[in-house]
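Undergrad: These protein sequences, in sequence, are chains A and B.
Counting along the first sequence from 1, when you hit position 110 you're at 109 in numbering that gives the first Met the number 0, and nothing is skipped either side.
Counting along the second sequence from 1, when you hit position 105 you're at 104 in numbering that gives the first Met the number 0, and nothing is skipped either side.
Glycine included, every Cβ here is placed at the ideal spot set by N, Cα and C.
Quantities reported herein were computed from a predicted structural model and do not represent experimental measurements.
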Amino acid sequence: MTATIEVIDTFEAVVQDAGRPNGDRFALPRSGASDLFSFRAANILVGNPENTPAVELTNTAFSWRSDEDLLVAVTGADVTVKLNGEVMVYSWRPLLIVAGSTVEVSEPHRGYRAYVAFRGGIDAPRRFGSVAPLLERDFATVLGPGSRLIVLGGGDDFSRTTWSVPSTLMVDAIRQDLLGEEKPIAVRPGPNMNMFDDLHLLYQEQYEMTPRSNAIGVRLSGETPRRSDPTEVLSRTIPIGSIEIPSTGEVIILLRSRLLTAGYPVPAVVVRADLERAAQLRPGAVTCFREVSENEAYAALLRQEVWLNELAAYGPPVLSRDMSSEEK
Amino acid sequence: MSDVPEVSVVGAVVGSNGYEMGPFGDSALYLQFRTGDEEEDWKKAHSVINWVRGQDYGFVVSAYATYETAFIEFDPIIVRLEAVQAILDQLLANYSSPLETWLSQTRVFDVPVVYGGHFGMDLEEVASEQGMRTDELIREHTRVPFTIRCFSPGGGAMMANTSEIQNVPRLSSPRIGTIPPGRVTLAGTQCGLQPEGGRFTSGWRIIGCSPALVMDFESDTQPVQFQVGDKLLFRAVDKSEWDGYRSIPLQEIEVDT
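#1: For chain A, is any of its Cβ atoms less than 7 Å away from the one on residue 205(B)?
#2: From the DSSP output, read off the bridge partner residues of residue 250(B).
#3: Whose CA, out of 159(B), 167(B), 169(B) and 163(B), lies closest to the CA of residue 192(B)?
#4: How far does the alpha helix (DSSP H) with residue 79(A) in it reach, from first residue to last?
#5: Comparing the C-beta of residue 324(A) with each C-beta of chain B, is any distance below 7 Å?
#6: Taking residue 268(A) and residue 240(A) to be in contact with their CB atoms under 8 Å, please state how far apart those CB atoms are, rounded to whole angstroms.
#7: So with Cβ pairs under 7 Å, would you call residue 5(B) a contact of chain A?
#8: Inspect the CB distances between the segment 90-103 of chain A and the segment 131-141 of chain A and report whether three or more fall short of 8 Å.
#9: Report the three-state DSSP secondary structure of residue 243(B) (helix, strand or coil).
#10: In whole angstroms, what separates the C-alpha of residue 106(B) from that of residue 149(B)?
#11: Could you give the distance in angstroms between the alpha-carbon of residue 156(A) and the alpha-carbon of residue 107(A)?
#12: Quick one: what's got a C-beta closer than 8 Å to residue 147(B)'s C-beta in the same chain, skipping five residues either side?
#13: For residue 146(B), which residues does DSSP report across the bridge?
#14: Per DSSP, which one or two residues make a beta bridge with residue 29(B)?
#15: Determine, using beta-carbon pairs with one atom in the segment 295-312 of chain A and one in the segment 196-214 of chain A, whether at least three such pairs fall under 8 Å.
#16: Under the three-state reduction of DSSP, which class applies to residue 263(A): helix, strand or coil?
#17: Residue 234(A) touches chain B at which residues, Cβ-Cβ below 7 Å?
#18: Rounded to whole angstroms, what's the CA-CA distance from residue 116(B) to residue 167(B)? Just pull it up for me.
#19: Could you check whether residue 185(A) and residue 289(A) sit closer than 7 Å to each other, using their CB atoms as the reference points?
#20: Helix, strand or coil for residue 122(A) per DSSP?
#21: For residue 262(A) and residue 232(A), which I take to be in contact (beta-carbon distance under 8 Å), what is that distance rounded to the nearest angstrom?
#22: Are the C-beta atoms of residue 58(B) and some chain A residue less than 7 Å apart?
#23: Does the Cβ-Cβ distance between residue 250(A) and residue 219(A) come in under 7 Å?
#24: Express the C-alpha separation of residue 15(A) and residue 118(A) in angstroms, rounding to a whole number.
#25: Can you name the residues of chain A whose CB is closer than 9 Å to the CB of residue 216(B)?
#26: Give the secondary structure of residue 140(B) by DSSP, where H, G and I count as helix, E and B as strand, and everything else as coil.
#27: Starting from the beta carbon of residue 245(A), find every residue of chain B whose beta carbon is closer than 9 Å, and list them in chain order.
#28: Alpha carbons only, please: which of 33(A), 51(A), 226(A) and 92(A) is nearest the one belonging to residue 58(A)?
#29: Could you tell me the boundaries of the alpha helix (DSSP H) in which residue 4(A) lies?
#30: Can you tell me whether residue 194(B) is buried or exposed? The criterion is at least 16 other CB atoms within 10 Å of its CB, across all chains shown.
#31: Which residue from 220(B), 77(B), 213(B) and 253(B) puts its Cα closest to that of residue 22(A)?
#32: What does residue 150(B) reach in chain A if we use C-beta pairs closer than 8 Å?
#33: For residue 153(A) and residue 90(A), which I take to be in contact (beta-carbon distance under 8 Å), what is that distance rounded to the nearest angstrom?
#34: Does residue 181(B) get closer than 7 Å to chain A when you measure Cβ to Cβ?
#35: Note down the Cα distance separating residue 222(A) from residue 284(A), rounded to an integer number of angstroms.
#36: Distance cutoff 7 Å, beta carbons only. Does residue 240(A) sit that close to anything in chain B?
This is how it looks when you write it as structure tokens:
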């Protein structure tokens with residue numbers, strides 16, 4: 000069954016998925032959810048396959064009304080979820096939304112990007128197998144006041160479902176790991192680290208996230224190492240997570256919508272496990288970098304994967320109608 | 000051990016057989032070919048990537064080659080960096096011509112282009128920099144087919160410009176904004192053909208536009224007619240012919256070589 004959601008208010012929310020793994024065949028960026036971990040978790044929480052289209056909110060609120068029952072999960076940034084004006088449980092839980100209800104997801108209190116997954120997923124147009132925005136082609140399903148969304152699993156009978164948060168999962172710890180600004184962002188040395196003087200500054204200084212950031216890159220300002228080797232770097236493929244220092248005082252962390260190739264030297268690369276934390280930095284947030292070993296990087300990523308696997312092992316969620324009140 | 004003089008690269012293994020390989024973060028590695036022969040470097044980079052894609056390895060997230068570099072992103076949960084490096088080292092140690100069969104199936108495509116005017120605002124300037132009249136530059140640009148070296152970021156083709164139009168300087172200030180469809184661009188010794196639409200910031204010089212469908216973004220299965228290694232032969236058409244070619248996919252042609 001399907002349900003129609005009527006968007007009441009939001010600003011440039013987009014329908015998002017995990018991006019285009021085959022886009023590289025045509026030099027298209029990967030794109031997809033900037034905080035892939037939270038996106039996957041949201042889908043797992045409602046029992047969807049991990050790569051099911053969901054809504055990505057970048058520093059914006061999102062409110063809607065639906066004509067059918069829905070099973071919903073909100074993850075990522077810390078937000079408040081209200082049901083018909085009443086504060087519900089906080090996020091990272093499956094929520095049963097009864098037909099005709101109005102739901103309001105607040106702007107983030109902490110973090111930058113939130114994800115709203117619906118059981119069954121959102122029906123949206125695709126390019127190269129993905130609903131993810133393709134900035135180079137002006138392709139995206141952007142939501143605003145009055146937009147309508149078709150939810151493919153809406154209207155199913157969720158009334159007898161139950162789901163319990165396994166105590167071993169420690170949702171709060173994961174949220175703290177994802178959104179805690181005090182923990183440095185872990186990096187591995189990049190192939191061009193020797194093209195800079197004072198590279199140690201990158202690991203000593205504090206950097207502030209600036210509003211000129213987007214899904215292509217997080218821009219930070221602070222005291223930067225200086226490029227000492229002016230040799231031209233030929234345009235080559237650079238990984239997601241690459242750090243660039245395009246000019247003095249500016250550091251860019253490239254996110255999943257980065258162009259495949261670039262000609263800037265890369266002194267360091269953010270490890271896979273910390274890409275989501277970088278994507279959750281909000282304007283004004285202050286962060287720093289720390290070099291980690293390959294094994295540390297692997298261990299951090301493994302922890303995330305194990306967590307998601309455990310979460311999935313408890314699904315598909317089956318939720319009783321009054322669970323939300325019990326939770327609070 | 001190394002006979003390839005090179006700046007020190009962190010963690011890179013500089014081989015004596017003309018390539019350098021190293022980690023690029025915790026989940027990718029790069030290969031840079033330096034045989035001293037650009038054509039050879041390009042062939043190897045793309046042969047490796049074609050091979051990797053053909054293997055259908057579950058741990059490969061992304062594989063892409065440019066002019067002389069290859070890049071492989073892997074899933075570190077499934078495979079460790081050293082294992083990927085070992086696979087590639089072994090492949091390159093036994094590198095042989097069957098890896099280059101993709102080059103024997105190359106085709107030539109006809110690209111109708113309206114040169115100059117609104118379609119190619121840099122044509123006159125580029126021609127005068129080259130010491131040519133505009134009709135001479137157009138004749139030279141359409142004389143020989145250019146080999147597609149790689150796809151350009153955002154779609155489209157990057158070619159080696161093997162005509163006598165050489166060392167075309169980029170704009171000192173990149174052009175932003177209005178995007179002519181199917182723009183034909185020059186920079187240095189390269190030639191580009193970009194599909195319609197999208198945003199761009201580029202210092203490449205625009206000498207014309209093609210009304211043909213360069214890339215079909217509605218098609219997931221065959222968005223482009225051409226492959227890396229194929230050739231594009233540009234052909235000047237009058238602007239009155241624009242509508243007749245509009246949105247028609249590039250056509251393969253027979254060319255005596």
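TA: Once the coordinates are examined:
#1: Reading the second sequence from its first residue, position 206 is the one you call residue 205(B). So, not an interface residue.
#2: Numbered from its first residue, the second sequence carries residue 250(B) at position 251. Answer is 109(B).
#3: For this step, residue 192(B) is matched to residue 193 along the second sequence. Of the listed residues, the one whose Cα sits closest to residue 192(B) is 159(B).
#4: In the first sequence, the residue the question calls residue 79(A) occupies position 80. That residue, residue 79(A), is in no alpha helix (DSSP H); it is neither H nor E in DSSP.
#5: Translated into positions along the first sequence, residue 324(A) becomes position 325. Low local confidence applies: a pLDDT of 40 at residue 324(A) is under 50, so the model's placement there is unreliable, with the coordinate-based value given in what follows. Cβ-Cβ to chain B under 7 Å: no for residue 324(A).
#6: Working through the first sequence from its first residue, we reach residue 268(A) at position 269. Working through the first sequence from its first residue, we reach residue 240(A) at position 241. About 5 Å separates the two Cβ atoms, so the contact holds.
#7: Start at 1 with the first residue of the second sequence, and residue 5(B) comes out as number 6. Low per-residue confidence applies at residue 5(B): pLDDT is 40, beneath 50, and the placement is therefore not dependable enough to give any value.
#8: no
#9: The residue given as residue 243(B) occupies position 244 in the second sequence. In the three-state reduction of the DSSP assignment, residue 243(B) falls in the helix class, which pools H, G and I.
#10: Here residue 106(B) refers to the residue found at position 107 of the second sequence. Here residue 149(B) refers to the residue found at position 150 of the second sequence. Approximately 15 Å between the Cα atoms of the pair.
#11: Working through the first sequence from its first residue, we reach residue 156(A) at position 157. Working through the first sequence from its first residue, we reach residue 107(A) at position 108. Cα-Cα distance, rounded: 31 Å.
#12: Translated into the one-based positions of the second sequence, residue 147(B) becomes position 148. Contacts found: 156, 157, 158, 225, 226, 227, 228, 229, 230 and 231.
#13: Numbered from its first residue, the second sequence carries residue 146(B) at position 147. Looking at the DSSP output, residue 146(B) bridges to 230(B).
#14: For this step, residue 29(B) is matched to residue 30 along the second sequence. For residue 29(B), which the question treats as bridged, DSSP gives the partners 21(B) and 70(B).
#15: no
#16: Residue numbering aside, residue 263(A) sits at position 264 when the first sequence is read from its first letter. Coil at residue 263(A), not helix or strand.
#17: Locating residue 234(A) in the first sequence gives position 235, where the first residue counts as 1. When 7 Å is used as the limit between beta carbons, residue 234(A) is near these residues of chain B: 65, in chain order.
#18: Taking the first residue of the second sequence as 1, we reach residue 116(B) at position 117. Taking the first residue of the second sequence as 1, we reach residue 167(B) at position 168. Rounded to whole angstroms, residue 116(B) to residue 167(B) spans 19 Å at the Cα level.
#19: As a working note, residue 289(A) is residue 290 in the first sequence. As a working note, residue 185(A) is residue 186 in the first sequence. Taking 7 Å as the Cβ cut-off, residue 289(A) and residue 185(A) qualify as a contacting pair.
#20: Start at 1 with the first residue of the first sequence, and residue 122(A) comes out as number 123. Looking at residue 122(A) - three-state DSSP - the assignment turns out to be strand.
#21: Taking the first residue of the first sequence as 1, we reach residue 262(A) at position 263. Taking the first residue of the first sequence as 1, we reach residue 232(A) at position 233. About 5 Å; that satisfies the 8 Å criterion.
#22: Counted from its first residue, the second sequence places residue 58(B) at position 59. So no, residue 58(B) is outside the interface.
#23: Against the first sequence, residue 250(A) aligns to sequence position 251. Against the first sequence, residue 219(A) aligns to sequence position 220. Yes. Within cutoff.
#24: Here residue 118(A) refers to the residue found at position 119 of the first sequence. Here residue 15(A) refers to the residue found at position 16 of the first sequence. About 15 Å.
#25: By 1-based counting over the second sequence, the position of residue 216(B) is 217. Within chain A, the residues near residue 216(B) are 126, 127, 133, 136 and 138.
#26: Counting from one through the second sequence, the residue named residue 140(B) turns up at place 141. Residue state, collapsed to three classes: helix.
#27: Working through the first sequence from its first residue, we reach residue 245(A) at position 246. Going along chain B, no residue has its Cβ under 9 Å from residue 245(A), so there is no contact; the nearest lies around 13 Å.
#28: As a first step, residue 58(A) is located in the first sequence; it is residue number 59 there, counting from the start. Distances from the alpha-carbon of residue 58(A) to those of 33(A), 51(A), 226(A) and 92(A) put 33(A) closest.
#29: Counting from one through the first sequence, the residue named residue 4(A) turns up at place 5. It is not in any alpha helix (DSSP H) - residue 4(A) instead sits in the beta strand (DSSP E) that spans 2-9.
#30: The count along the second sequence starts at 1 and reaches residue 194(B) at position 195. If you draw a 10 Å sphere on the C-beta of residue 194(B), you find 16 or more other C-beta atoms in it, and that means buried.
#31: Taking the first residue of the first sequence as 1, we reach residue 22(A) at position 23. Comparing Cα-Cα distances from residue 22(A) to each of 220(B), 77(B), 213(B) and 253(B), the minimum goes to 220(B).
#32: On the second sequence, residue 150(B) is found 151 positions in, with the first residue counted as 1. By Cβ distance, chain A contributes 24, 25 and 26.
#33: Counting from 1 along the first sequence, the entry for residue 153(A) is found at position 154. Counting from 1 along the first sequence, the entry for residue 90(A) is found at position 91. Going by Cβ atoms, the distance from residue 153(A) to residue 90(A) rounds to 20 Å, so no, they are not a contact pair.
#34: Along the second sequence, one-based indexing puts residue 181(B) at 182. For residue 181(B), the answer is no, since every Cβ of chain A falls outside 7 Å of its Cβ.
#35: As a position in the first sequence, residue 222(A) is number 223, starting the count at 1. As a position in the first sequence, residue 284(A) is number 285, starting the count at 1. Cα-Cα distance, rounded: 15 Å.
#36: In the first sequence, counting from the first residue as 1, residue 240(A) sits at position 241. For residue 240(A), the answer is yes, since a Cβ of chain B falls inside 7 Å of its Cβ.
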